[in-house]
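Chains Y and P are the protein sequences, given in the same order.
Counting in this note's numbering, the first sequence runs from 469 upward without gaps.
Counting in this note's numbering, the second sequence runs from 1358 upward without gaps.
Built from N, CA and C at the ideal position, the CB exists for glycine as well.
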Amino acid sequence: MIRLADIYVQQFKITLASFVQYRAAIFIWMIWHVIEPLVYLSVWSVVTRSLGGNVGGFTGGDFASYFIAMMLVNHLTYTWIMWEFEYRVRHGILSFMLLRPIHPIHSDIVDNVTSKLLTLPMMIPSAMLLALLFRPVFHPVPWAMAAFVPAVFLAFLLRFIVEWALSLAVFWTTRISAVNQGYYVITLFLAGQMAPLALLPGAVRIAATVLPFRWMISFPVELLLGRLTPQEALAGIGAQIVWLAIGFTILRRAWRAGLRIYSAVGA
Amino acid sequence: MNIPRLISVFIRVGVMSELAYRANFLVQLLESVLDLATAFAGIAVIFSYTKDLSGWRPDEVIALVGVFFMVGGAIRFMIQPSLQEFIRSVRRGTLDFTLTKPADSQLLISIQRVEIWKLTDIVLGVIVFSVALTRMGTRLDLLQVAGFAAALVTGGSIVYCFWVLLASLSFWFVRVENILVIFQSMYEAGRWPISIYPRWLRFALTFIVPVAVATTVPAQALTGRLTWQALISAAAVAALLFAVTRVVWRIGTRRYSGASA
Chain Y
469 MIRLADIYVQ QFKITLASFV QYRAAIFIWM IWHVIEPLVY LSVWSVVTRS
519 LGGNVGGFTG GDFASYFIAM MLVNHLTYTW IMWEFEYRVR HGILSFMLLR
569 PIHPIHSDIV DNVTSKLLTL PMMIPSAMLL ALLFRPVFHP VPWAMAAFVP
619 AVFLAFLLRF IVEWALSLAV FWTTRISAVN QGYYVITLFL AGQMAPLALL
669 PGAVRIAATV LPFRWMISFP VELLLGRLTP QEALAGIGAQ IVWLAIGFTI
719 LRRAWRAGLR IYSAVGA
Chain P
1358 MNIPRLISVF IRVGVMSELA YRANFLVQLL ESVLDLATAF AGIAVIFSYT
1408 KDLSGWRPDE VIALVGVFFM VGGAIRFMIQ PSLQEFIRSV RRGTLDFTLT
1458 KPADSQLLIS IQRVEIWKLT DIVLGVIVFS VALTRMGTRL DLLQVAGFAA
1508 ALVTGGSIVY CFWVLLASLS FWFVRVENIL VIFQSMYEAG RWPISIYPRW
1558 LRFALTFIVP VAVATTVPAQ ALTGRLTWQA LISAAAVAAL LFAVTRVVWR
1608 IGTRRYSGAS A
């Protein structure tokens, strides 16, 4: 355990050094994370105004707080593993990673956490700017805000595990850009990135709740905005833990099976 | 030198090299269809609550999605891969080979690479766009079609100049690949009519990162919202921008010293 902590500290230093080298690039990539919620917030604001200020129980201020919270939660939970993994396998970089006496997932965890720490100073002002421009309505519920902390942490873990497991598909298909695109569509709707789940058709809502997607992004947002009862919050955290266990099992199996057929392109 | 002939040669080379990887076509088709499905699902959700989006009816927004796909496909077909290659060549010093060729260097770097499967986006865009127009049932007169074509060419050339200007930064700053991401992420906003955005964002999408001229403006031409004055001023901007791009390109190439020299 101490050994692993040491490795994390060292990896953190390496990652930090390389990110500081490419800091401009990291900030430019963050534009995606601001533009997308901004687009949907604009769309829903127009709809709200044309309907006289209320869409299915959401006012303009509600949409503003929803999408600003969504932007922050998405930023805290996103990973870029699915885009990177294909590159690793096709270019044989994975071979070098396998030579290290430690599972490659650890360096990915550190990379992701480090990039979040580095970019938070940009996301928070963006959120404040959006708050000034769109006037969100926010009713803080103390217990829900406290519960938000573990919920968003579990959401990050869950999204990380799910995306890492999905990207292992590359062992079998070599190209996974289509898988990525499909995954993007699903999270856009089932994780509440395009619209609050409450506004989507019933079937979509049920699918989002049964599958892991709601628990990866939407759930912490709903919690933060005080839209859930304590029972719902507990059930949500339970669902996160169950899906984490399932995802972790799949990840381990797929990793072992995948490594067996990995042919190390470029070797 | 004959410009269309040069372009067709480069496209032919691109086709030949890509035909070796035919499975890529299916992957690309799947991706494009998924992307289109996303756009439609989004429109369906929005219009389940309202009948018009700041004055745009569903079919008009679908027509806009068609234009969005056509223009985006055209960018990804030639402009983006060529200019990415150009930025790489400045870093590696291989731009020397282009500069010594007996043709206009800006033309050569703009067409040097094609990703032919991105044509699926263009084709799908045209289909979506035609279906939307038929559903609207508007009779198009020749003038409107001409206006649309003019708006598309104007918008396209403004976007092209913008990309070349961004890529030319590599003459001064070398590592600028990521700067292209600014356009790609802002372009996503072009899926929806520009009029839905707050004023500052509308300004940014028109004058700072010119997304609107290539998406909303052509769609407006067909739905009868575009005034001739707006089109003429857009054309003037396009001409001016093109001249600026030429000057920047000249200064940049003069500054370029070659990585190995």
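Out of the options, which one is the CA nearest neighbour of residue i?
{"i": "Ser1525 (chain P)", "options": "P:Val1418, P:Ile1419 and P:Arg1612", "result": "P:Arg1612"}
{"i": "Leu622 (chain Y)", "options": "Y:Ile729, Y:Gly704 and Y:Ala492", "result": "Y:Gly704"}
{"i": "Ser1365 (chain P)", "options": "P:Arg1433, P:Ala1377 and P:Leu1465", "result": "P:Leu1465"}
{"i": "Pro688 (chain Y)", "options": "Y:Val502, Y:Trp551 and Y:Arg627", "result": "Y:Arg627"}
{"i": "Leu1620 (chain P)", "options": "P:Glu1375, P:Ile1360 and P:Phe1425", "result": "Here chain P comprises residues numbered 1358 to 1618, so residue 1620 (chain P) is not present and cannot be evaluated."}
{"i": "Trp1474 (chain P)", "options": "P:Trp1549, P:Ala1377, P:Ala1592 and P:Phe1540", "result": "P:Ala1377"}
{"i": "Leu1598 (chain P)", "options": "P:Asn1359, P:Thr1455, P:Ile1479 and P:Gly1512", "result": "P:Gly1512"}
{"i": "His543 (chain Y)", "options": "Y:Ile570, Y:Leu696, Y:Phe495 and Y:His559", "result": "Y:Phe495"}
{"i": "Val1605 (chain P)", "options": "P:Ser1514, P:Thr1491, P:Asp1478 and P:Leu1523", "result": "P:Leu1523"}
{"i": "Ser686 (chain Y)", "options": "Y:Gln649, Y:Thr655 and Y:Arg724", "result": "Y:Thr655"}
{"i": "Val541 (chain Y)", "options": "Y:Trp683, Y:Val507 and Y:Leu712", "result": "Y:Trp683"}
{"i": "Gln1385 (chain P)", "options": "Y:Ala646, Y:Glu552 and Y:Gly520", "result": "Y:Ala646"}
{"i": "Val1570 (chain P)", "options": "P:Glu1534, P:Thr1580, P:Thr1584 and P:Ala1591", "result": "P:Ala1591"}
{"i": "Gly650 (chain Y)", "options": "Y:Trp640, Y:Ala619 and Y:Leu634", "result": "Y:Leu634"}
{"i": "Arg1607 (chain P)", "options": "P:Leu1456, P:Thr1495 and P:Arg1362", "result": "P:Leu1456"}
{"i": "Arg568 (chain Y)", "options": "Y:Gln479, Y:Trp632 and Y:Gly524", "result": "Y:Gln479"}
{"i": "Tyr555 (chain Y)", "options": "Y:Leu636, Y:Leu702 and Y:Val617", "result": "Y:Leu636"}
{"i": "Trp1520 (chain P)", "options": "P:Leu1509, P:Val1510 and P:Leu1537", "result": "P:Leu1537"}
{"i": "Phe1530 (chain P)", "options": "P:Asp1478, P:Ile1432, P:Ile1444 and P:Ala1431", "result": "P:Ile1444"}
{"i": "Arg695 (chain Y)", "options": "Y:Pro664, Y:Tyr730 and Y:Ser486", "result": "Y:Pro664"}
{"i": "Ile570 (chain Y)", "options": "Y:Tyr476, Y:Ile718, Y:Leu691 and Y:Ala666", "result": "Y:Tyr476"}
{"i": "Asn648 (chain Y)", "options": "Y:Phe553, Y:Phe487 and Y:Trp497", "result": "Y:Phe553"}
{"i": "Thr717 (chain Y)", "options": "Y:Ala615, Y:Trp632 and Y:Ile674", "result": "Y:Trp632"}
{"i": "Ile1539 (chain P)", "options": "P:Val1566, P:Arg1532, P:Ala1506 and P:Thr1584", "result": "P:Val1566"}
{"i": "Ser1514 (chain P)", "options": "P:Ile1551, P:Phe1367, P:Val1594 and P:Ile1484", "result": "P:Val1594"}
{"i": "Ile1436 (chain P)", "options": "P:Leu1583, P:Ala1596 and P:Gln1541", "result": "P:Gln1541"}
Pull up the DSSP beta-bridge partners for residue i, would you.
{"i": "Phe1519 (chain P)", "result": "Answer by DSSP bridge pairing: none, since Phe1519 (chain P) is not bridged."}
{"i": "Trp1413 (chain P)", "result": "P:Leu1410"}
{"i": "Val523 (chain Y)", "result": "Y:Phe526"}
Could you check how far apart the C-beta atoms of residue i and residue j are, in whole angstroms? I think they sit under 8 Å.
{"i": "Pro460 (chain Y)", "j": "Met539 (chain Y)", "result": "Any question about residue 460 (chain Y) goes unanswered here, given that chain Y covers just 469 to 735."}
{"i": "Tyr1554 (chain P)", "j": "Ser510 (chain Y)", "result": "5 Å"}
{"i": "Val630 (chain Y)", "j": "Pro680 (chain Y)", "result": "6 Å"}
{"i": "Phe1528 (chain P)", "j": "Val1447 (chain P)", "result": "7 Å"}
{"i": "Gly1609 (chain P)", "j": "Arg1470 (chain P)", "result": "That belief does not hold up - the Cβ atoms of Gly1609 (chain P) and Arg1470 (chain P) are roughly 19 Å apart, past 8 Å."}
{"i": "Ala595 (chain Y)", "j": "Ile536 (chain Y)", "result": "5 Å"}
{"i": "Thr483 (chain Y)", "j": "Thr547 (chain Y)", "result": "No, Thr483 (chain Y) and Thr547 (chain Y) are not in contact; Cβ-Cβ is about 14 Å, not under 8 Å."}
{"i": "Gln1441 (chain P)", "j": "Glu1375 (chain P)", "result": "Actually they are not in contact, since the Cβ atoms of Gln1441 (chain P) and Glu1375 (chain P) sit about 16 Å apart, beyond 8 Å."}
{"i": "Val515 (chain Y)", "j": "Tyr1406 (chain P)", "result": "6 Å"}
{"i": "Leu1476 (chain P)", "j": "Phe1434 (chain P)", "result": "6 Å"}
{"i": "Phe616 (chain Y)", "j": "Leu692 (chain Y)", "result": "5 Å"}
{"i": "Val620 (chain Y)", "j": "Thr545 (chain Y)", "result": "7 Å"}
Just to confirm, does residue i get its C-beta within under 6 Å of one of the non-hydrogen atoms of the ligand MG?
{"i": "Val1488 (chain P)", "result": "What this structure holds is no ligand at all, so the ligand MG is not there to describe."}
Three-pair Cβ contact test at 8 Å for the segment 527-537 of chain Y versus the segment 590-605 of chain Y: Contact holds between the segment 527-537 of chain Y and the segment 590-605 of chain Y, because three or more Cβ pairs, one in each stretch, are under 8 Å apart.
Interface residues of the segment 635-660 of chain Y facing chain P [CB-CB below 7 Å]: Per Cβ criterion, the list reads Arg643, Ser645, Ala646, Gln649, Gly650, Val653, Leu656 and Phe657.
Chain P contacts made by the segment 534-546 of chain Y, where a contact means CB separation under 8 Å: Listed in sequence order: no entries.
Residues of the segment 1566-1583 of chain P whose Cβ lies closer than 8 Å to any Cβ of chain Y, in chain order: Result list empty, no residue passes.
Any 3 or more C-beta pairs closer than 8 Å across the segment 604-618 of chain Y and the segment 562-574 of chain Y: Flag = no, the segment 604-618 of chain Y and the segment 562-574 of chain Y do not touch.
Cβ contact check for the segment 493-503 of chain Y and the segment 575-588 of chain Y: 3 or more pairs under 8 Å: Yes, the segment 493-503 of chain Y touches the segment 575-588 of chain Y.
Where the segment 578-604 of chain Y meets chain P: residues whose CB sits under 7 Å from a CB there: The segment 578-604 of chain Y vs chain P, Cβ under 7 Å: Leu601.
Sufficient close CB pairs (3 or more, under 8 Å) joining the segment 1390-1406 of chain P to the segment 1443-1462 of chain P: The segment 1390-1406 of chain P and the segment 1443-1462 of chain P do not touch, with fewer than 3 CB-CB distances between them shorter than 8 Å.
Meets three-Cβ-pair contact criterion under 8 Å: the segment 1572-1582 of chain P and the segment 1405-1422 of chain P: With a cut-off of 8 Å, the segment 1405-1422 of chain P and the segment 1572-1582 of chain P count as touching, because enough Cβ pairs lie within range.
Stretch-stretch touch, CB-based, cutoff 8 Å, three pairs: the segment 645-661 of chain Y with the segment 570-579 of chain Y: Contact between the segment 645-661 of chain Y and the segment 570-579 of chain Y is absent: fewer than three C-beta pairs spanning the two stretches fall below 8 Å.
Residues in the segment 519-530 of chain Y having any Cβ partner in chain P nearer than 9 Å: From the segment 519-530 of chain Y, only Leu519, Val523 and Gly524 have a Cβ closer than 9 Å to chain P.
Validate contact between the segment 1397-1414 of chain P and the segment 707-717 of chain Y using beta carbons, cut 8 Å, 3 pairs: No: fewer than three Cβ pairs fall under 8 Å.
Residues from the segment 1369-1403 of chain P in contact with chain Y, defined by Cβ distance under 7 Å: Residues passing the 7 Å Cβ filter: Val1384, Leu1387, Glu1388, Leu1391, Asp1392, Ala1394, Thr1395, Ala1398, Gly1399, Val1402 and Ile1403.
Where the segment 492-508 of chain Y meets chain P: residues whose CB sits under 8 Å from a CB there: Taking 8 Å as the Cβ-Cβ cut-off against chain P, the residues of the segment 492-508 of chain Y that qualify are Ala492, Ala493, Ile496, Trp497, Ile499, Trp500, Ile503, Glu504, Leu506 and Val507.
Inter-stretch contact at 8 Å, needing at least 3 Cβ pairs: the segment 1559-1568 of chain P / the segment 1533-1550 of chain P: Output reads yes: the segment 1533-1550 of chain P touches the segment 1559-1568 of chain P.
Residues of the segment 1529-1555 of chain P whose Cβ lies closer than 7 Å to any Cβ of chain Y, in chain order: Within the segment 1529-1555 of chain P, Asn1535, Ile1536, Val1538, Ile1539, Ser1542, Met1543, Glu1545, Ala1546, Trp1549, Ile1553, Tyr1554 and Pro1555 place their CB atoms closer than 7 Å to a CB of chain Y, listed in sequence order.
Cβ-based contacts, 8 Å cut-off: residues of the segment 1513-1527 of chain P near chain Y: Residues: none.
Positions along the segment 1472-1495 of chain P whose CB lies within less than 7 Å of some CB in chain Y: Result list empty, no residue passes.
Residues of the segment 1437-1469 of chain P whose Cβ lies closer than 8 Å to any Cβ of chain Y, in chain order: So the list is empty, because no residue satisfies the distance condition.
Residues of the segment 1406-1417 of chain P whose Cβ lies closer than 9 Å to any Cβ of chain Y, in chain order: Result list: Tyr1406, Thr1407, Lys1408, Asp1409, Leu1410 and Ser1411.
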